[in-house]
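Q: Chains as they are written, first to last, in our numbering: chain A, 21 to 306; chain B, 21 to 380.
Where a beta carbon is used, it is the ideal one built from N, C-alpha and C, also for glycine.
(1) Let me check understanding here. Comparing Cα to Cα, which of B:356, B:324, B:99 lies closest to residue 342 of chain B?
(2) Is there a Cβ of chain B sitting closer than 8 Å to that of residue 77 of chain A, yes or no?
(3) Quick one, which of B:88, B:66, B:55 has its alpha-carbon nearest residue 312 of chain B's?
(4) Excluding the 5 residues preceding and the 5 following residue 48 of chain B in the sequence, name in chain order all residues of the same chain whose CB lies nearer than 6 Å to its CB.
(5) Determine whether the Cβ of residue 204 of chain A lies closer than 8 Å to any Cβ atom of chain B.
(6) Does the pairing of the stretch 80 to 87 of chain B with the stretch 250 to 258 of chain B give three or more beta-carbon distances under 8 Å?
(7) In the DSSP assignment, find the unbroken beta strand (DSSP E) run with residue 353 of chain B in it and report its ends.
(8) Among B:309, B:62, B:61, B:163, which residue has its Cα nearest to the Cα of residue 349 of chain B?
(9) DSSP three-state label for residue 89 of chain A, please.
(10) On the CB-based measure, 16 or more other CB atoms within 10 Å of its CB, does residue 160 of chain B come out buried or exposed?
(11) By the criterion of Cβ-Cβ separation under 9 Å, what are the contact partners of residue 144 of chain A in chain B?
(12) Using only the alpha-carbon positions, how far apart do residue 188 of chain B and residue 179 of chain B sit?
(13) Name the chain B residues that come within less than 7 Å of residue 244 of chain A, Cβ to Cβ?
(14) To which residues of the same chain is residue 103 of chain A closer than 7 Å at the C-beta, ignoring the five residues directly before and after it?
(15) Using 8 Å as the threshold, is the stretch 142 to 158 of chain A in touch with the stretch 211 to 227 of chain A, meaning 3 or more CB pairs across them?
(16) Can you pull the chain B residues whose beta carbon is under 7 Å from the beta carbon of residue 267 of chain A, in chain order?
(17) Could you please give the first and the last residue of the uninterrupted alpha helix (DSSP H) stretch that includes residue 224 of chain A?
(18) Measure the alpha-carbon distance for residue 11 of chain B versus residue 144 of chain B and round it to whole angstroms.
(19) Taking the CB atoms as reference points, tell me whether residue 248 of chain A and residue 166 of chain A lie closer together than 8 Å.
(20) Nearest-angstrom Cα distance between residue 106 of chain B and residue 332 of chain B?
(21) Does the Cβ-Cβ distance between residue 274 of chain A and residue 254 of chain A come in under 8 Å?
(22) Would you verify that the beta carbon of residue 257 of chain A is, or is not, closer than 8 Å to some beta carbon of chain B?
(23) Going along the chain, which residues of its own chain have a beta-carbon closer than 6 Å to the beta-carbon of residue 241 of chain B, five neighbours each way excluded?
(24) Do residue 269 of chain A and residue 67 of chain A have their CB atoms nearer than 8 Å?
(25) Rounded to a whole number of angstroms, what is the C-alpha to C-alpha distance between residue 198 of chain B and residue 304 of chain B?
(26) Rounded to the nearest angstrom, what separates residue 337 of chain B and residue 344 of chain B at their Cα positions?
(27) To which residues does DSSP link residue 200 of chain B through a beta bridge?
(28) Comparing alpha-carbon positions, which option in B:378, B:370, B:276 lies nearest residue 202 of chain B?
(29) Can you grab the Cα-Cα spacing for the pair residue 134 of chain B / residue 223 of chain B, in whole Å?
(30) Between residue 262 of chain A and the rest of its own chain, which residues show a CB-CB distance below 7 Å, the 5 nearest in sequence each way excluded?
(31) Just how far apart, CA to CA, sit residue 28 of chain A and residue 94 of chain A?
(32) Using a beta-carbon distance cut-off of less than 9 Å, what residues from the stretch 75 to 95 of chain B approach chain A?
(33) On the premise that residue 282 of chain A lies in contact with residue 85 of chain A, defined as a C-beta separation below 8 Å, what is that separation, rounded to the nearest angstrom?
(34) Could you check whether the Cβ of residue 138 of chain A sits closer than 8 Å to any Cβ belonging to chain B?
(35) Pull up the DSSP beta-bridge partners for residue 164 of chain B, would you.
(36) Could you run through the stretch 91 to 121 of chain B and flag, in chain order, every residue whose CB is less than 8 Å away from some CB of chain A?
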C-alpha cells in the first residue's frame with residue numbers, strides 16, 4: 021500500500037473518532053458523575069460502578085445479551101451455510117434474483133415484521149389455526165409467541181440474510197477445481213466440505229458471525245415486543261436508566277460494561293475463527 | 021463543587037451572548053400581537069380542531085409539537101433542545117420534577133378566570149406547587165386508566181386481584197411501567213390506596229414477591245397502548261391494566277368493557293405550564309391559552325371527538341348522560357376513588373425492583 025492510498029482512509033478514521041470514540045469518552049465521564057434532583061453533577065464518584073458491580077440483575081442481563089448473540093450466530097451459521105453454498109451453484113442471472121429474495125425481509129420495517137409475527141404465531145394465529153385444523157393439536161401452542169423460543173426464532177430469521185451474504189461472498193471465491201480435485205482423490209462430499217470448502221469460507225463465516233453477533237446481542241425491540249415476560253434486555257434497561265430513572269451515571273456504566281463484554285466476546289470469536297487453518301491460508305498471514 | 025445545570029434559559033442566554041444575537045432581541049419584540057405559540061403536548065390532547073376556537077378568538081396560531089414521552093419532554097427542557105416551546109405539558113404526577121429542576125415559571129392564577137369552574141379534587145392538589153408555595157402548573161385534562169377486559173370471558177367485573185388469578189393464566193397483561201404495576205401489586209396484597217405510592221423497603225419486597233409470582237400468569241408486559249390494543253384484538257389478552265384506548269378502538273368489534281376497581285382507580289392528568297424561559301411578550305398569550313384549556317370550547321370539542329374530560333365542570337351539565345358516562349363524569353363520586361400515580365421519594369428503589377422482577 022502506498023503512502024497516498026493510506027491517506028484515503030483518513031476521513032473515515034476522523035469520522036469514527038468523532039462519531040464513536042468521543043461519545044464513549046462522554047459515557048466514561050458521565051459514569052463518574054452524581055445525580056441530585058435531576059441534575060448531573062460532575063464528580064469523581066464510584067457510586068454507579070459500585071451499584072453495577074453488586075447488581076445481579078445487570079450482570080444477568082449482560083450475560084443474556086451474550087447468550088442471545090452467540091445462539092443467534094450459531095443458528096444463522098448452521099442454517100446459512102447450505103443456503104450460501106446453494107447460491108453459488110445458481111446461474112448468474114438467477115443469483116441476482118436470489119439475493120433480492122434473500123433480502124426481502126429487510127425491506128419491511130422491524131415493527132411491521134414484529135406485528136406480522138404476532139399474526140403468524142399467536143394463539144389465534146396462522147400456525148395454530150392450521151395445526152388445530154389438521155387435528156395435530158387440541159389447544160393452541162402458547163409457547164410459539166411471547167417466549168424465549170419466539171425471540172430465538174425471530175432473531176435468527178432477521179439475521180439470516182447477513183450471515184448468508186457473508187458466507188456466499190467467500191464461497192464464490194473458492195476455486196471449484198479444489199473441490200473437484202478433492203472429490204477425484206476420493207473425498208466424500210462431507211469431507212470435501214469440511215476439509216476444503218469450510219476452511220476456505222471461514223473469513224466469510226467470521227464476517228457474518230461478527231455482524232450477526234453485534235446485531236442480535238444488542239437487539240431490544242424484538243425481545244420486548246415478542247418475548248413476553250422473558251423479554252427483558254440489557255439495552256432496554258440502559259434505555260430505562262437514561263430515561264425514566266434519570267440515572268445517567270448508572271446507565272453509562274452499564275452501557276460501557278455491556279459494550280466491553282460484547283467486544284471481548286466478539287474478539288474471542290474472531291480470534292477463534294481466524295485461527296482456523298483455512299482462514300490463515302486465505303488471509304495469508306498470522 | 022461546580023453544578024452542571026444546563027437548562028433552556030442558560031443555554032439560550034449563552035447562545036445569544038456568544039453569537040451576538042442579543043442585538044436582534046429588540047427587533048424581534050417590536051411586533052405587539054403574538055402571531056404564534058408552540059404547544060408541546062400529546063397528539064390526543066392537541067388535534068388542530070381542538071384549538072380552532074382559540075385561534076379565531078385571539079388571532080394567535082397554535083402550533084402543535086407532539087411529545088413522544090414524558091421523559092423526552094423533561095430532557096428537552098433540561099437540555100435546552102426545545103427552545104421553541106411556549107407552553108408545555110407536564111403530567112400531574114411528574115410536575116414536581118419540572119418544578120424542582122427550575123424549568124417552569126410560577127403562575128399568576130388571577131389571569132386564569134376559568135379556574136373557578138375546576139373540580140375541587142384538581143383545585144386542591146399540592147402537586148403543582150413548589151416549595152415556595154407558588155403554583156407552577158394547572159391541571160386541565162384527565163382520565164382514568166381502567167382494566168379493559170373481554171366481557172364474554174370475564175363474567176364478573178375484574179378487580180386488580182383478577183390480574184393475579186391463576187384461573188386466567190396466559191391471558192393477562194400488565195404495563196411495562198414500574199410506577200403503576202408496583203402500585204397495583206401493592207393494592208392486591210392489601211396495602212391501602214393512600215399508601216400505595218409510599219411503600220417502605222419491606223413492603224416493596226413483599227410486592228416484588230407478588231409480581232414475580234404473577235409473571236407466569238402474564239401473556240406479556242405491554243409497551244405502548246397500540247401494542248395492548250393489538251393484544252386484546254387478537255385474543256392474546258383478555259384482561260389488562262390499560263388506558264381507555266383499546267376499549268374505544270374495539271368496542272364495536274368485540275365484547276370489551278372497562279372496570280374501575282374499587283380498591284383505587286389510577287387517574288392520569290395533564291397540566292398546563294409555562295417554561296421558565298418564555299419571553300415576556302408571550303406570557304399574556306400563554307395565560308389566555310390556559311384559560312382556553314379550562315373553557316367551554318376546548319371541553320366540548322375534546323369530549324366530542326376524543327372522549328376526554330377537562331378538569332373544568334363548565335360544560336358538564338350540558339352533555340348527554342351517555343357522553344357523561346363515556347368520559348367518566350356521570351358519577352362524580354369516582355373522584356373519591358382517584359389515585360394519582362406519583363413518583364415516590366424512593367423511586368430509584370421502585371425501578372430497581374421492577375427491573376429485578378422483569379429479569380427474574
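A: A quick look at the data gives this:
(1) For this step, residue 342 of chain B is matched to residue 322 along the second chain. Here the closest residue by C-alpha is B:324.
(2) Position 57 of the first chain, counted from the start, is the residue given in the question as residue 77 of chain A. At least one chain B Cβ lies under 8 Å of residue 77 of chain A.
(3) Along the second chain, read from residue 1 onward, the residue named residue 312 of chain B stands at position 292. Comparing Cα positions, the closest option is B:66.
(4) If you number the second chain from 1, residue 48 of chain B lands on position 28. In this prediction, residue 48 of chain B has a pLDDT of 40, which is less than 50 and means its spatial position is unreliable; nothing more can be read from the coordinates.
(5) For the purposes of this step, residue 204 of chain A is taken as the residue at position 184 of the first chain. Not an interface residue.
(6) no
(7) For this step, residue 353 of chain B is matched to residue 333 along the second chain. Here residue 353 of chain B belongs to no beta strand (DSSP E), and DSSP marks it neither H nor E.
(8) Along the second chain, one-based indexing puts residue 349 of chain B at 329. Out of B:309, B:62, B:61, B:163, B:163 has the C-alpha closest to the C-alpha of residue 349 of chain B.
(9) Taking the first chain and counting its residues from 1, the one referred to as residue 89 of chain A is at position 69. Residue 89 of chain A falls in the helix class under three-state DSSP.
(10) Here the question's residue 160 of chain B lines up with position 140 in the second chain. Classification of residue 160 of chain B: buried, given that the 10 Å Cβ count is 16 or more.
(11) Reading the first chain from its first residue, position 124 is the one you call residue 144 of chain A. What residue 144 of chain A touches in chain B: 254, 255, 256.
(12) Numbered from 1 along the second chain, position 168 holds the residue referred to as residue 188 of chain B. Numbered from 1 along the second chain, position 159 holds the residue referred to as residue 179 of chain B. So the two alpha carbons sit approximately 13 Å from each other.
(13) Taking the first residue of the first chain as position 1, residue 244 of chain A is located at position 224. Result: 243.
(14) If you number the first chain from 1, residue 103 of chain A lands on position 83. So the qualifying residues of the chain are 184.
(15) no
(16) Numbered from its first residue, the first chain carries residue 267 of chain A at position 247. Neighbours of residue 267 of chain A on chain B, chain order: 368.
(17) To locate residue 224 of chain A, count along the first chain from 1; it is residue 204. Residues 222 to 237.
(18) It is not possible to answer for residue 11 of chain B, since the shown part of chain B is limited to 21 through 380.
(19) What you label residue 248 of chain A is simply residue 228 of the first chain in a count that begins at 1. What you label residue 166 of chain A is simply residue 146 of the first chain in a count that begins at 1. Going by C-beta atoms, residue 248 of chain A is nearer than 8 Å to residue 166 of chain A.
(20) Stepping through the second chain from its first residue, residue 106 of chain B is reached at position 86. Stepping through the second chain from its first residue, residue 332 of chain B is reached at position 312. Cα-Cα distance, rounded: 23 Å.
(21) Position 254 of the first chain, counting from 1, holds the residue named residue 274 of chain A. Position 234 of the first chain, counting from 1, holds the residue named residue 254 of chain A. It is a contact, given that the beta carbons lie within the stated cut-off.
(22) Taking the first chain and counting its residues from 1, one reaches residue 257 of chain A at position 237. So yes, residue 257 of chain A belongs to the interface.
(23) If you number the second chain from 1, residue 241 of chain B lands on position 221. Only 194, 196 meet the Cβ criterion.
(24) Start at 1 with the first residue of the first chain, and residue 269 of chain A comes out as number 249. Start at 1 with the first residue of the first chain, and residue 67 of chain A comes out as number 47. Yes, the Cβ-Cβ distance between residue 269 of chain A and residue 67 of chain A is below 8 Å.
(25) Within the second chain, residue 198 of chain B is the residue found at index 178, counting from 1. Within the second chain, residue 304 of chain B is the residue found at index 284, counting from 1. Computed Cα separation, rounded: 39 Å.
(26) As a position in the second chain, residue 337 of chain B is number 317, starting the count at 1. As a position in the second chain, residue 344 of chain B is number 324, starting the count at 1. Answer to the nearest angstrom: the Cα atoms are 9 Å apart.
(27) As a working mapping, residue 200 of chain B is identified with position 180 in the second chain. DSSP output for residue 200 of chain B lists no bridge partner at all.
(28) In the second chain, residue 202 of chain B corresponds to position 182, counting from 1. Closest by alpha carbon: B:370.
(29) The residue labelled residue 134 of chain B in the question sits at position 114 within the second chain. The residue labelled residue 223 of chain B in the question sits at position 203 within the second chain. The alpha-carbon atoms of residue 134 of chain B and residue 223 of chain B are separated by roughly 42 Å.
(30) Taking the first chain and counting its residues from 1, the one referred to as residue 262 of chain A is at position 242. If we look at residue 262 of chain A and ignore the five residues flanking it on each side, its Cβ neighbours are 268, 271.
(31) Here residue 28 of chain A is taken as the residue at index 8 of the first chain, counted from 1. Here residue 94 of chain A is taken as the residue at index 74 of the first chain, counted from 1. Each residue's alpha carbon lies about 36 Å from the other.
(32) 89, 90, 91, 92, 94, 95
(33) Taking the first chain and counting its residues from 1, one reaches residue 85 of chain A at position 65. Taking the first chain and counting its residues from 1, one reaches residue 282 of chain A at position 262. With 8 Å as the limit, residue 85 of chain A and residue 282 of chain A qualify as a contact, their Cβ atoms being about 7 Å apart.
(34) For this step, residue 138 of chain A is matched to residue 118 along the first chain. Judged by the 8 Å Cβ criterion, residue 138 of chain A is in contact with chain B.
(35) Along the second chain, read from residue 1 onward, the residue named residue 164 of chain B stands at position 144. Note: residue 164 of chain B sits in a beta bridge opposite B:287.
(36) 91, 92, 94, 95, 98, 117, 120, 121
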